[in-house]
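So the mapping is simple: this note's numbering equals the position in the sequence shown, first residue as 1, plus 1055.
Report on the structure given below.
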Amino acid sequence: MSTEIRTNSLARTAAELAAVTRMLESMNILSYSGHIAVRVPERNAIMIQRRTDSRAELSPDRMLLVDYDGKVIEGDGKPPSETVIHLEAFKARPDVMASIHSHMELAIAFTMMEGVQLLPMRARATRWKSGIPTHPDPSHIKHVAQGQELAATLGAHHVALMRAHGILLVAESLPALFIDAIHFEENAQAQMQVLQAGAKPKPLSDKEIEQILKLEDRPHHIGKLWNYYIRKGIGSGTVEADWNLLAA
Ligand SMILES: [Zn+2]
């Protein structure tokens, strides 16, 4: 019986991982590369897609389990070449359950402008009130030491930009990660629009952030948007209805 429960729980995680990846690909937050990982505590491993599987067509039954040394312990095939990004972030941050590495163009643009810092602009950007650091290494992250350095840049924050390369964003669950990735993109878009208008960005003040957070119900917000996007994904064919991902 316990085996069945474990299998069901892993199947649900795999379906969420496939759905979140496909939806973020359809929104151009992921593209032909970039990937999402989720912690699987009962196996002391992470779940991640195969290196060469299309982000637009991921299937739950093709996911891999990879241990914290980077070894595939379940499934056939190789994990993405930058899997160490997730492994080292998870090792450094026990509170993190899910992570995305993407080459989001808008976020990359903010690592290529002198004297401009991406800031919490929109009301949903309070998540990044502690800061949005930029990791200075623009190369692909393939070695453990590089992953550790990126995790150090991330520190206790929920996101790190990677100079001329992309982002690492972390959250407490796959649905939370999905919603945060959308809001992160919206916030970067908002600041870019202000800059394009030739104006000086006026980010949220500490007082405003405090005001917003007093009324924020993060689990409710995540649940509401999750159902909205899963329904939309089923309608467009991005998400399979029989993955049963709608909340009750
Ligand atoms: Zn990358």
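Note that the Cβ used here is the ideal one computed from N, Cα and C, for glycine as well.
Values in this document were obtained by computation on a predicted structure and should not be read as measured data.
- Chain-ordered, the residues whose CB falls short of 7 angstroms from any heavy atom of ligand 1 come out as Ser1088, Gly1089, Glu1137, His1156, His1158, His1195, Ile1196, His1220, Gly1221.
- The continuous alpha helix (DSSP H) containing Met1247 extends over residues 1229-1251.
- Short of 7 angstroms from the beta carbon of Leu1085, and not among the five residues preceding or following it, lie these beta carbons of its own chain, in chain order: Thr1076, Leu1079, Arg1110, Ser1157.
- With a contact defined as Cβ atoms closer than 8 angstroms, Arg1098 and Lys1133 miss out at about 19 angstroms.
- Close CB contacts of Asn1242 within its chain, under the 6 angstroms cut and outside five residues either way in sequence, are with Met1176, Arg1177, Ala1180 (chain order).
- Listed in chain order, the beta strand (DSSP E) runs fully inside the region 1199-1230 are 1214-1217, 1221-1226, counting runs of at least 3 residues.
- Between Gly1288 and the set Glu1071, Ser1064, Ile1103, the nearest pair of CA atoms involves Glu1071.
- The beta carbons of Pro1193 and Gly1210 sit about 19 angstroms from each other, so the pair does not count as a contact at 8 angstroms.
- Beyond the five residues adjoining it in sequence on each side, Val1249 comes within less than 6 angstroms, by CB distance, of Pro1256 in the same chain, given in chain order.
- Between Leu1259 and Trp1183, the alpha-carbon positions lie close to 11 angstroms from each other.
- Below 8 angstroms, enough C-beta pairs join the region 1081-1095 and the region 1141-1160 to call them touching: three or more.
- With contacts defined as CB atoms closer than 8 angstroms, Val1225 and Arg1148 qualify as a contacting pair.
- A residue is called buried once 16 or more other Cβ atoms fall within 10 Å of its Cβ, and Ile1103 is buried on that count.
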